[in-house]
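Respectively, the protein sequence lines represent chains A and B.
Take any residue in the first sequence, note its place counting from 1, add 145, and you have its number in the working numbering.
Take any residue in the second sequence, note its place counting from 1, add 145, and you have its number in the working numbering.
Glycine included, C-beta positions come from ideal geometry on N, C-alpha and C.
This report refers to the structure that appears directly beneath it.
2 protein chains.
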Amino acid sequence: MDTGSVRAVNLSRVLAAALAQEEPPTRADLAAATSTTRATATRLVDELVAHGVLVEAAPDAERPRRPGRPGIPLQPGTRHVALGLQVEVSHLTAVVVDLAGTVRARRRVEDDLRGSDAEPVLARLGALAEHVLSDLPSGTVVVGTGLAVPGLVAEGGMLLRAPNLGWSDVAVAALFPPPAGTGPPTVGNEADLAAVTVSSTAPGRPGAHPDFLYLSGATGIGGSIVLDGHPLTGRHGWAGEVGHVTVDPDGPPCACGSTGCLEQYAGSRALASAAGLDPSAGTSAIAAAARSGEPAAIAAVERAGTALGVALAVVVNVLDVPVIVLGGHLREIGELVRPVLEDTLARRVLSAGWVAPRVEVAPAHATAALGAAYTELHRLVTDPRPWLTGPVTSREAR
Amino acid sequence: MDTGSVRAVNLSRVLAAALAQEEPPTRADLAAATSTTRATATRLVDELVAHGVLVEAAPDAERPRRPGRPGIPLQPGTRHVALGLQVEVSHLTAVVVDLAGTVRARRRVEDDLRGSDAEPVLARLGALAEHVLSDLPSGTVVVGTGLAVPGLVAEGGMLLRAPNLGWSDVAVAALFPPPAGTGPPTVGNEADLAAVTVSSTAPGRPGAHPDFLYLSGATGIGGSIVLDGHPLTGRHGWAGEVGHVTVDPDGPPCACGSTGCLEQYAGSRALASAAGLDPSAGTSAIAAAARSGEPAAIAAVERAGTALGVALAVVVNVLDVPVIVLGGHLREIGELVRPVLEDTLARRVLSAGWVAPRVEVAPAHATAALGAAYTELHRLVTDPRPWLTGPVTSREAR
DNA sequence: GTCATAAGTTTTGGGTCGAAACAAACTCTG
DNA sequence: CAGAGTTTGTTTCGACCCAAAACTTATGAC
């Protein structure tokens, strides 16, 4: 580590502190937050401002007046954006998000991609990406592209297996045609990336919980374990496969080869079958049926909640994760399963006496496409230097 | 981060590189390993040598001769040691280990501590610690004390619950009387600390696997999840409770309040009962009976292996951990359960087709006391600066 | 004995931060 | 409305650390 990397670290710390604040901070605030001097904070902020990563805002008239020279509020710039893409069984999505967390463009195409061919789908996703990028002001910098897929992802953007798409061993990163001016995408698991939108409410801004288990998915159930704000991907990238936790070794057989997997109780198709509906009935239909008092639907939801409790108790026992966030199709039945789920957890979690695990329903904006964009923007926060090399942006005299 | 912490980081990196090498490295080797210049490596090494953290060894006569000035081999010093302590149900242990990994003193007292009082036990452990420290040469620096206990440990050295000792809510760190010249101990979970001896073969020297699941225990079954060489302790410090993973929701009741926990199949008492022996019969007796063809013992081992497979498959699915290390009393039946365990894992682990999880038996030296000492020594490696403040040790003219 | 080679050391220069003094911009008070 | 008080932002200076490069030392090869 040389003296130059001190600069890199401090730039990152100042930028992270700036993004983490709720109110736009001043240079002095950032000096305090990063425990450096105002002199150093000024030097670092000036470099970030010069390249548009941060911008100086007009003083807030609403702010209570205090003695002393008023500080200059600093806000995330809108010059740097990231592209977030998602392939789901039922749709393709592309979003453009800037460093402030504003969704600058969004486009979603509904489709049935079960058993589809990867190459044409990725070509269409490329066109979608091209489209959402087309309307950005000149000078905008795309810091990266994140691509979420519902399956096991290995190093180098290889999708090993996406059962519900019917894809296996697809070199997603290589097959995706990147829009002009952007590089190859970073491919990630859908659940991991959706979880990012819970651990961060905006790029670099921490969410309510640093540690939680996020559940996602539709037909299958994916999961992501977030510790200290970072998804745990595991040695080979396929950690978090909560859908195949054994609920009952004597339970129904699962496509994965095992028996009694959680997916066979709480997956959307299993849920619909148990409720006496067509397997392709959406989870919202089941929730509606249960709310209207349909006994079969109520029983199915109850059964799913108990299975979730058994499976998640295992995860909580093993990982000591205090919060469970229900996302994906489980959002629909979240409030319905919560009582039986919390009850089961309280009985089966060893440490429930000290700290009972909490169950929450994911916010509506929790999508993997957004999380993929956040993740790319977070790379800029981790090391801003690559984006501070260009010409200094014009800046009116003060 | 100021310019001075660059020094701290580089000292740590050089020391870590020096300890990680198999053969004693030279200054030039360390420069290459840490990708700095020889000039910088020299400055850093000189500081470490001046305080006895590293020592210059005599040139190795065995080494193949090469052109060029021969380098000076650098070895870990013996001046800095750590104290490793362990309270187990059946014994108390104290070891003193130096930075080279040499056990400088060891003492173990057998006892039955089930249902014991914490305070007198810790007093006796303090006396044991005093004893193992008594014979060290003057000038030896004790960098820290680690204390392993078989239970849930929270912040600040509080033991929340150790079911087999019968202790609960014991302020272990505060009650332990530290030997003269040492500070209060760092209290840790027995499984986590035993796992350290697998992830490091000596202080700072990485072991064979960076990621693995370590199983430990006796009556109960403890576990530790090691990712990237570090045990995962979880939000509140009680991650890794593999003993209470549900194997079968309809299984026998467990003392923890749940049913069908792994402990009820593979704990030493459960194992003995299933084999038709007295519950207090040691696991080695069961292993011996099984090896001699006793059908009940064979069945009990088989049952334990299957239960382990079901439970560990869950953990592997959720965490993507490629290696399982059987420690504690499971070492005794390790080779016996391996076939059925590996078979069960292959069937129940989702990713077994790509990478089948491996099962290993822990080495004989894998004790929590040793791991506790390693952990303390590792603090010196992480930040050597606090131990570089004293007077410079004498050093003959060269 | 001389040359080639590699390790270790010394010197020099550039980059970064902290401390402290200073300049700027505002509120408060009489 | 002027001056004191206060806080922010800037400038200057000094200290620290590393990289680069030249230099010294110690060995093997011929």
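* Asked: Using a Cβ-Cβ distance under 7 Å, would Cys-401(B) count as near chain A?
  -> Here residue 401(B) refers to the residue found at position 256 of the second sequence. Closer than 7 Å to some Cβ of chain A, the Cβ of Cys-401(B) qualifies, so yes.
* List the whole-angstrom C-beta distance separating Val-232(A) from Leu-270(A), where the pair is believed to meet the contact cut-off of C-beta under 8 Å. => Working through the first sequence from its first residue, we reach residue 232(A) at position 87. Working through the first sequence from its first residue, we reach residue 270(A) at position 125. Indeed, because the Cβ distance is near 6 Å, the residues count as touching under 8 Å.
* Which chain B residues sit within Cβ distance under 9 Å of Asn-334(A)? -> Indexing the first sequence from 1 puts residue 334(A) at position 189. Residues of chain B whose Cβ lies closer than 9 Å to the Cβ of Asn-334(A) do not exist; the shortest such Cβ separation is about 11 Å.
* To do: Would you mind stating whether Thr-391(B) and Gly-405(B) have Cβ atoms separated by less than 7 Å?
  => Stepping through the second sequence from its first residue, residue 391(B) is reached at position 246. Stepping through the second sequence from its first residue, residue 405(B) is reached at position 260. Cβ distance < 7 Å, so Thr-391(B) and Gly-405(B) count as in contact.
* Asked: Taking DSSP as the reference, what is the three-state secondary structure of Glu-541(B)?
  -> Along the second sequence, one-based indexing puts residue 541(B) at 396. Per-residue confidence for Glu-541(B) stands at a pLDDT of 39, beneath the threshold of 50, marking its modelled position as unreliable; no derived number is given.
* To do: Indicate whether at least one CB of chain B lies closer than 7 Å to the CB of Glu-496(A).
  => Taking the first residue of the first sequence as 1, we reach residue 496(A) at position 351. It is worth fixing the name first, because residue 496(A) is Ser in this sequence and not Glu. For Ser-496(A), the answer is yes, since a Cβ of chain B falls inside 7 Å of its Cβ.
* Cutoff 7 Å: Thr-391(B) Cβ touching any chain A Cβ -> Position 246 of the second sequence, counted from the start, is the residue given in the question as residue 391(B). Yes, because at least one Cβ of chain A sits closer than 7 Å to the Cβ of Thr-391(B).
* To do: Count the other CB atoms, across all protein chains shown, that sit within 10 Å of the CB of Ser-283(B); report buried if there are 16 or more and exposed otherwise.
  => Translated into the one-based positions of the second sequence, residue 283(B) becomes position 138. Ser-283(B) comes out exposed.
* Asked: Where are the beta strand (DSSP E) runs, 3 residues long or more, that stay fully inside the stretch 193 to 218 of chain B, in chain order?
  -> Segments of the beta strand (DSSP E) lying fully in the stretch 193 to 218 of chain B: 199 to 201.
* In three-state DSSP terms, what is Ile-478(B)? -> Here residue 478(B) refers to the residue found at position 333 when the second sequence is read from its first residue. Ile-478(B): coil per DSSP, three-state reduction.
* Measure the Cβ-Cβ separation of Thr-489(B) and Thr-428(B) and say whether it is below 7 Å. => On the second sequence, residue 489(B) is found 344 positions in, with the first residue counted as 1. On the second sequence, residue 428(B) is found 283 positions in, with the first residue counted as 1. The answer is no: Cβ separation not under 7 Å.
* Residues bridged to Ile-370(A) by DSSP? -> Counting from 1 along the first sequence, the entry for residue 370(A) is found at position 225. Its beta-bridge partners are Leu-358(A).
* Starting from Arg-492(A), find everything on chain B with Cβ-Cβ shorter than 7 Å and list it in chain order. => As a first step, residue 492(A) must be located in the first sequence, where it is residue number 347. The answer, in chain order, is Gly-402, Ser-403.
* To do: Give the straight-line distance between the Cα atoms of Ile-478(A) and Gly-396(B), rounded to the nearest whole angstrom.
  => As a working note, residue 478(A) is residue 333 in the first sequence. As a working note, residue 396(B) is residue 251 in the second sequence. Spanning the alpha carbons of Ile-478(A) and Gly-396(B) requires a straight line of approximately 29 Å.
* To do: Take Leu-495(A) and list the residues in its own chain whose beta-carbon comes closer than 8 Å to its own, dropping the five residues that flank it on each side.
  => As a position in the first sequence, residue 495(A) is number 350, starting the count at 1. These residues qualify, in order along the chain: Asn-462.
* To do: Compare the Cα-Cα distances from Ala-455(B) to each of Val-482(B), Ala-153(B), Ala-307(B) and report the closest residue.
  => Reading the second sequence from its first residue, position 310 is the one you call residue 455(B). Checking the displayed sequence, the identity of residue 455(B) turns out to be Val instead of Ala. Comparing Cα positions, the closest option is Val-482(B).
* To do: Use the C-beta contact count for Thr-148(B): other C-beta atoms within 10 angstroms, 16 or more gives buried, fewer gives exposed.
  => Walking along the second sequence from the start, residue 148(B) turns up at place 3. A residue is called buried when at least 16 other Cβ atoms come within 10 angstroms of its Cβ; Thr-148(B) does not meet this threshold and is exposed.
* Does the pairing of the stretch 274 to 292 of chain A with the stretch 198 to 205 of chain A give three or more beta-carbon distances under 8 Å? -> With a cut-off of 8 Å, the stretch 198 to 205 of chain A and the stretch 274 to 292 of chain A do not count as touching, because too few Cβ pairs lie within range.
* To do: Establish whether the CB of Gly-362(B) and some CB of chain A are separated by less than 7 Å.
  => Walking along the second sequence from the start, residue 362(B) turns up at place 217. So, not an interface residue.
* Can you tell me which of Arg-524(B), Ile-366(B), Ala-411(B) puts its alpha carbon nearest to the alpha carbon of Val-234(B)? => For the purposes of this step, residue 234(B) is taken as the residue at position 89 of the second sequence. Comparing Cα positions, the closest option is Ile-366(B).
* Tell me whether Gly-311(B) sits in a helix, a strand or coil according to DSSP, three-state version. => Against the second sequence, residue 311(B) aligns to sequence position 166. Note: Gly-311(B) maps to coil in three-state DSSP.
* When we look at the beta-carbon of Ala-184(A) and count the other beta-carbons within 10 Å, is it buried (16 or more) or exposed? -> One-based indexing of the first sequence puts residue 184(A) at position 39. Classification for Ala-184(A): exposed.
* Closest residue to Leu-522(A) among Gly-349(A), Ser-425(A), Ala-514(A), Leu-372(A) (Cα-Cα distance) -> Here residue 522(A) is taken as the residue at index 377 of the first sequence, counted from 1. In terms of Cα proximity to Leu-522(A), the closest of Gly-349(A), Ser-425(A), Ala-514(A), Leu-372(A) is Gly-349(A).
* Asked: Mind checking if Asn-309(B) is an interface residue toward chain A, Cβ cutoff 7 Å exclusive?
  -> Start at 1 with the first residue of the second sequence, and residue 309(B) comes out as number 164. Cβ-Cβ to chain A under 7 Å: no for Asn-309(B).
* Asked: Within the 7 Å Cβ cut-off, does Arg-448(A) reach chain B?
  -> Along the first sequence, one-based indexing puts residue 448(A) at 303. So, not an interface residue.
* To do: Would you identify the three-state DSSP class for Leu-270(A), choosing helix, strand or coil?
  => Position 125 of the first sequence holds residue 270(A). It is helical.
* What is the DSSP secondary structure of Val-288(A), counted as helix, strand or coil? -> On the first sequence, residue 288(A) is found 143 positions in, with the first residue counted as 1. It is a strand residue.
* Is there at least one Cβ from chain A nearer than 7 Å to Val-459(B)'s Cβ? -> To locate residue 459(B), count along the second sequence from 1; it is residue 314. Flagged as an interface residue toward chain A: Val-459(B), by a C-beta distance shorter than 7 Å.
* For Thr-290(A), which of Val-506(A), Arg-158(A), Leu-189(A), Leu-273(A) has the nearest alpha-carbon? -> Taking the first residue of the first sequence as 1, we reach residue 290(A) at position 145. Considering only alpha carbons, the answer is Leu-273(A).
* Asked: Under the three-state reduction of DSSP, which class applies to Pro-398(B): helix, strand or coil?
  -> Locating residue 398(B) in the second sequence gives position 253, counting from the first residue. The answer is strand: DSSP assigns Pro-398(B) an E or B state.
* To do: Between the Cα of Ala-153(B) and those of Thr-342(B), Arg-530(B), Ala-293(B), Thr-331(B), spot the shortest distance and give me the residue it belongs to.
  => What you label residue 153(B) is simply residue 8 of the second sequence in a count that begins at 1. Per the Cα distances, Arg-530(B).
* To do: At 7 Å on the CB atoms, spell out the chain A contacts of Glu-386(B), in chain order.
  => Locating residue 386(B) in the second sequence gives position 241, counting from the first residue. Identification of chain A residues near Glu-386(B) by a Cβ-Cβ cut-off of 7 Å yields Asn-462, Val-463, Leu-495, ordered along the chain.
* Compute the Euclidean distance between the alpha carbons of Asp-174(A) and Ala-177(B), then round it to the nearest angstrom. => Locating residue 174(A) in the first sequence gives position 29, where the first residue counts as 1. Locating residue 177(B) in the second sequence gives position 32, where the first residue counts as 1. A direct Cα-Cα distance of roughly 41 Å separates Asp-174(A) from Ala-177(B).
* Is the distance from the Cβ of Pro-221(B) to the Cβ of Ala-245(B) below 7 Å? -> Locating residue 221(B) in the second sequence gives position 76, where the first residue counts as 1. Locating residue 245(B) in the second sequence gives position 100, where the first residue counts as 1. Contact flag set, yes.
* Nearest to Pro-424(B) by alpha carbon, out of Ala-434(B), Arg-436(B), Ser-413(B), Ala-432(B)? -> Stepping through the second sequence from its first residue, residue 424(B) is reached at position 279. Pro-424(B) has its Cα closest to that of Ser-413(B), out of Ala-434(B), Arg-436(B), Ser-413(B), Ala-432(B).
* List the residues of chain A that Arg-467(B) touches, going by C-beta distances under 8 Å, in chain order. => Position 322 of the second sequence, counted from the first residue, corresponds to residue 467(B). Looking at the sequence itself, residue 467(B) is Pro, so the reference to Arg does not match. In chain order: Arg-380, His-381.
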